[in-house]
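Here is the structure we will look at.
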Ligand SMILES: Cc1cc2nc3c(=O)[nH]c(=O)nc-3n(C[C@H](O)[C@H](O)[C@H](O)COP(=O)(O)OP(=O)(O)OC[C@H]3O[C@@H](n4cnc5c(N)ncnc54)[C@H](O)[C@@H]3O)c2cc1C
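Residue numbers (our numbering): 23 to 437.
In structure tokens, the structure reads:
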């Protein structure tokens with residue numbers, strides 16, 4: 023049987039494009055399909071978020087030809103201070119009230135000087151991925167939507183909304199939470215919406231942030247100040263949906279005055295640098311990660327609360343694992359769309375994805391409350407972790423994606 027590609031990937035977002043480049047680096051021929059062309063994805067008003075990228079995720083991007091373009095935009099996270107929200111200003115968290123302090127120096131020997139992670143604006147990530155996809159000659163069908171998927175013996179046929187049909191031994195759904203490929207495969211989801219919105223804004227400081235990330239726990243939910251290149255930071259602010267609407271609609275001076283009270287003195291004056299964005303938050307886990315000739319990854323398989331900044335990292339790990347399983351299967355002469363091969367991918371990723379989804383859900387509940395007992399208990403818990411060096415180092419390595427059986431690309435080894 024002849025096919026149009028080795029792998030048809032629906033969704034050229036950050037996980038879909040990463041998978042395409044990883045497969046290409048292993049000698050396979052992917053094709054990407056997306057309703058949006060890359061230029062739309064990189065427009066300033068399209069995605070105002072910045073992502074905390076684990077150092078292992080960054081190693082993969084270096085291996086597949088994306089990392090170099092990102093280096094000038096990647097801010098090293100040297101320290102993370104986790105503070106109880108009742109402290110009236112970030113300045114207090116320096117030394118006095120921080121319950122948890124993670125320092126890149128502590129794990130520098132184990133990870134050869136890599137930081138705790140990198141903060142990179144999504145528009146730069148999308149631009150670098152788009153450029154690499156074009157440079158490596160990967161075919162992109164955009165604008166186009168997957169209308170249906172039909173599995174026919176040794177292949178799958180994808181029909182697009184413009185009437186075209188493509189065939190491949192494997193179809194991958196990377197189209198985010200509402201994945202049509204997942205639905206076509208009959209894979210159900212479990213989960214719920216959070217009564218919270220994720221407000222995102224970029225701010226400029228008067229003084230240098232020195233690569234320090236702050237996470238506060240306020241009664242409405244976590245508030246993160248994440249350092250960006252230059253004297254800037256990305257704020258991720260979990261609020262009730264109603265308060266979220268008010269914050270995105272309020273005049274910039276009102277929001278800046280509110281931020282000044284919240285930040286205290288530690289970085290001088292704070293100015294908004296661009297529009298504010300509001301994202302609905304939900305937990306959604308697919309019941310399975312594959313069906314015959316179909317695999318799913320990224321938010322199509324698991325969408326989680328941003329409290330730990332790990333949603334995209336999970337999708338990038340999926341991409342690294344799936345690419346390795348498929349490239350190795352082809353080298354051994356196996357059928358890459360068979361359930362035997364796809365089960366290897368699912369078995370590799372299942373535990374990590376489910377464990378992180380559950381952990382972020384529990385953390386969000388635990389840290390979005392003003393209940394005195396819960397606050398006291400979490401303060402004690404954080405204080406204990408803070409005093410135990412090995413526990414702190416474990417959390418840092420886990421957040422950096424360096425724990426467990428890592429796919430080759432996440433170790434910085436080519437396929
Ligand atoms: C406020 C907030 C902050 C976050 N911060 C972080 C962080 O610091 N670190 C981190 O790791 N994660 C973070 N995340 C999570 C992260 O943003 C997501 O996990 C990630 O964007 C998911 O990427 P994806 O490519 O899987 O899906 P998406 O970004 O949803 O991309 C899906 C793609 O599929 C396309 N598509 C849609 N329909 C079709 C169709 N029918 N056919 C073909 N293509 C289609 C879309 O156009 C899009 O390009 C955050 C999330 C939020 C809400």
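Beta carbons: idealized from backbone N, C-alpha and C, even for Gly.
Sheet register partners of residue i (DSSP bridge)
i	result
residue 63	For residue 63, which the question treats as bridged, DSSP gives no partner whatsoever.
residue 194	31, 317
residue 218	262
residue 55	32, 163
residue 37	DSSP lists no partner for residue 37.
residue 304	215
residue 75	140
residue 102	124, 235
residue 344	Residue 344 is not bridged to any residue.
residue 496	The structure shown does not extend to residue 496, since the chain is modelled only from 23 to 437, so the question has no answer here.
residue 414	In DSSP, residue 414 forms no bridge with anything.
residue 179	172, 189
residue 312	317
residue 385	Beta-bridge pairing links residue 385 to no other residue.
residue 299	222
residue 325	306
residue 97	141
Closer than 7 angstroms: residue i CB and nearest ligand 1 heavy atom
i	result
residue 56	yes
residue 165	no
residue 191	no
residue 237	no
residue 41	no
residue 335	yes
residue 153	no
residue 328	yes
residue 274	no
residue 270	no
residue 423	no
residue 197	yes
residue 36	yes
residue 168	yes
residue 249	no
residue 137	no
residue 392	no
residue 71	yes
residue 345	no
residue 306	no
residue 202	yes
CB-CB length for residue i against residue j, believed under 8 angstroms
i	j	result
residue 239	residue 389	4 angstroms
residue 103	residue 146	That pair is no contact at about 25 angstroms.
residue 342	residue 44	6 angstroms
residue 41	residue 196	6 angstroms
residue 249	residue 357	47 angstroms between Cβ atoms; not a contact.
residue 335	residue 79	5 angstroms
residue 386	residue 243	7 angstroms
> Curious, which full-length beta strand (DSSP E) runs of at least 3 residues does the segment 226-296 contain?
Replying inline: 234-240, 243-250, 254-262, 292-294
> For the 8 angstroms Cβ check, are there 3 or more pairs between the segment 170-184 and the segment 67-74?
Replying inline: no
> Can you list, in chain order, the stretches of the alpha helix (DSSP H) that have 4 or more residues and sit fully within the segment 120-168?
Replying inline: 144-157
> Would the segment 37-57 and the segment 163-183 be scored as touching if the rule is three or more Cβ pairs under 8 angstroms?
Replying inline: yes
>> Between the segment 361-373 and the segment 207-217, can you find at least three pairs of beta-carbon atoms closer than 8 angstroms?
In response: no
> Do the segment 340-357 and the segment 421-430 meet, that is, are 3 or more Cβ pairs less than 8 angstroms apart?
Replying inline: yes
>> Counting beta carbon pairs with one atom in the segment 30-43 and one in the segment 312-320, are three or more of them shorter than 8 angstroms?
In response: yes
>> So, does the segment 373-391 touch the segment 320-339, judging by three or more C-beta pairs under 8 angstroms?
In response: yes
> Between the segment 290-309 and the segment 202-211, do three or more beta carbon pairs fall short of 8 angstroms?
Replying inline: yes
>> Quick check: the segment 290-300 against the segment 152-164, are at least 3 beta-carbon pairs closer than 8 angstroms?
In response: no
> Quick check: the segment 25-32 against the segment 405-414, are there 3 or more CB pairs under 8 angstroms?
Replying inline: no
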